[in-house]
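In this note's numbering, the protein residues as written are 664 to 1097. Don't be surprised by glycine CBs; every beta carbon is placed ideally from N, CA and C. As the structure is a computational prediction, the values presented were derived from the model and not from experiment. One structure is given here, and the rest of the page talks about it.
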């Protein structure tokens, strides 16, 4: 029951210790009279007040806490309501009447904050859109530059040079956190950077010899090399993964046989590019295990710098004697030197930007989603370059390309399912050991 003696509403309540024998009793509250806040005198002195709250129910349930600010609302003969909130209250109001809830019951119940899922989806859409757009721009202007200046070693070196300058600017302006550089870190990068150099220059050679669409169809066979090389190094793959690479082999073979612009150097360039990038990925997992604190973009920046040091001296040796003569022919072919400069500059800038966007996308999404996105990226690039350069495409060539790309999609699904199964099996084994 609630026992109250009238008092001034301007008194301050001071709680005392809870009842020592009843764990469900409410704290007894004593008040101290405070000076009257009104500027005019009262006709009668304010009466003193003391009140206490006790639990007279026998069911052992606690009651709603009553705060001093609520006393003016209470009826002298009212009983303390039951702890369970009335059924007519909405969920928010019922939650606010919970005796275990924090804060005063006079507080306004705020609406829950909107979910950040929409913002994350929008961010991923922007990253993917930039990734695709930048890749398309790179492939178009890279091919335009190579058509009039067929020196892929110099162009590939320039693209790495632009990426190196870009990362140095980001680090110097504190727009990107600078990684901690040490001798072991540089030594660990030498292998991945070497294989990256092989993959990049081989792709540029292929672009200079055949249509961009054909190079990308052949490069879609990268999962085949990944499975083969990883198997030689001791990794095991289920039958579903091996079956998924069969359409890739079939599709690439059909596309190569029916390719109008077929060139053996272009084919070998694309295949060697796959080998280089696969070995880069495999070697990176082994040599960079101790440097997981370095994010993907910083890692790619240092790989670009070291790759430039690898590639440019070899480029001078392979084709350096022909650059001046080739430059004059390119200017005559284009008509304006500024147009040629823009093509070369755009190929370098967008080469780095699309790689930067791919690393940002990989940081935000799962490897499976990234693999599917990369597969669709090849489709978009192939279609875009065919439309821009108006390359003739035979029906069987289109069919082979579609089969190869579909095989890449099947591989990403099968490989992801295999990794998930292995992870679950490891967790079950760990639980058994515990």
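- Leaving aside the five residues that flank residue 1043 on each side, the residues in its chain whose CB is nearer than 6 Å to its CB run, in chain order, 795.
- Between the stretch 995–1007 and the stretch 831–840 there are fewer than three inter-stretch CB-CB distances shorter than 8 Å, so the stretches are not counted as touching.
- Ranked by how close their Cα comes to the Cα of residue 818, the residues 904, 860 and 1041 have 860 in first place.
- By the C-beta criterion, the stretch 1043–1062 is judged to be in contact with the stretch 916–926, since at least 3 inter-stretch pairs fall below 8 Å.
- In this structure the stretch 864–878 does not touch the stretch 824–836; the number of beta carbon pairs closer than 8 Å is below three.
- The three-state secondary structure of residue 839, taken from DSSP, is coil.
- Approximately 5 Å separates the beta-carbon atoms of residue 946 and residue 854; this is inside 8 Å, confirming the contact.
- When C-beta atoms of the stretch 1015–1027 are compared with those of the stretch 956–968, three or more pairs fall below 8 Å, so the two segments count as touching.
- Using a Cβ-Cβ distance cut-off of 8 Å, the stretch 901–912 and the stretch 1059–1078 are in contact, since at least three pairs of beta carbons, one from each stretch, lie closer than that value.
- The beta carbon of residue 804 is closer than 6 Å to those of 1006, 1009 and 1010 in its chain, skipping five residues each way along the sequence.
- Its chain contains 937, 940 and 941 as the residues whose beta carbon lies nearer than 7 Å to that of residue 885, once the 5 sequence neighbours on both sides are disregarded; these appear in chain order.
- Taking 8 Å as the upper bound for CB-CB distance, residue 1040 and residue 798 are in contact here, some 6 Å apart.
- In the three-state DSSP reduction, residue 1026 falls in the helix class (H, G or I).
- With contacts defined by Cβ atoms closer than 8 Å, residue 1035 and residue 1072 form a contacting pair.
- In terms of Cα proximity to residue 944, the closest of 857, 791 and 807 is 857.
- The continuous alpha helix (DSSP H) containing residue 889 extends over residues 885–895.
- For residue 1013, the three-state secondary structure derived from DSSP is helix.
- CA-to-CA, the gap between residue 1024 and residue 1015 works out to about 14 Å.
- Cα atoms of residue 1081 and residue 901: separation of roughly 7 Å, rounded to the nearest angstrom.
- Here residue 999 carries a coil assignment [DSSP, helix/strand/coil].
- By the Cβ-count criterion, residue 891 is exposed, with fewer than 16 other Cβ atoms from all chains shown falling within 10 Å of its own Cβ.
- The residue among 788, 789, 814 and 787 with its C-alpha nearest the C-alpha of residue 990 is 814.
- Residue 924: not part of any alpha helix (DSSP H); DSSP gives it neither H nor E.
- Within 10 angstroms of the beta-carbon of residue 976 lie fewer than 16 other beta-carbons, which makes it exposed.
- With contacts defined by Cβ atoms closer than 8 Å, residue 933 and residue 871 do not form a contacting pair.
- Comparing C-alpha distances from residue 978 to each of 1065, 847 and 865 shows the shortest one belongs to 865.
- Going by C-alpha positions, residue 790 is about 33 Å away from residue 917.
- Across the structure, residue 810 and residue 949 are spaced so that their CA atoms are roughly 39 Å apart.
- For residue 808, the closest alpha carbon among the candidates 898, 894 and 1004 is that of 1004.
- Shown here, residue 956 sits in coil according to DSSP, grouped into three states, outside any helix or strand.
- In this structure residue 1066 touches residue 910 by the C-beta definition: roughly 5 Å separates them, less than 8 Å.
- Residue nearest to residue 952 within the set 1037, 852, 1013 and 812 is 852 (criterion: CA-CA distance).
- Between residue 1068 and residue 1038 a beta carbon distance of about 6 Å is seen, short of the 8 Å cut, so the two are scored as contacting.
- If the five residues before and after residue 1046 are omitted, its C-beta is found closer than 7 Å to no C-beta atom of its own chain.
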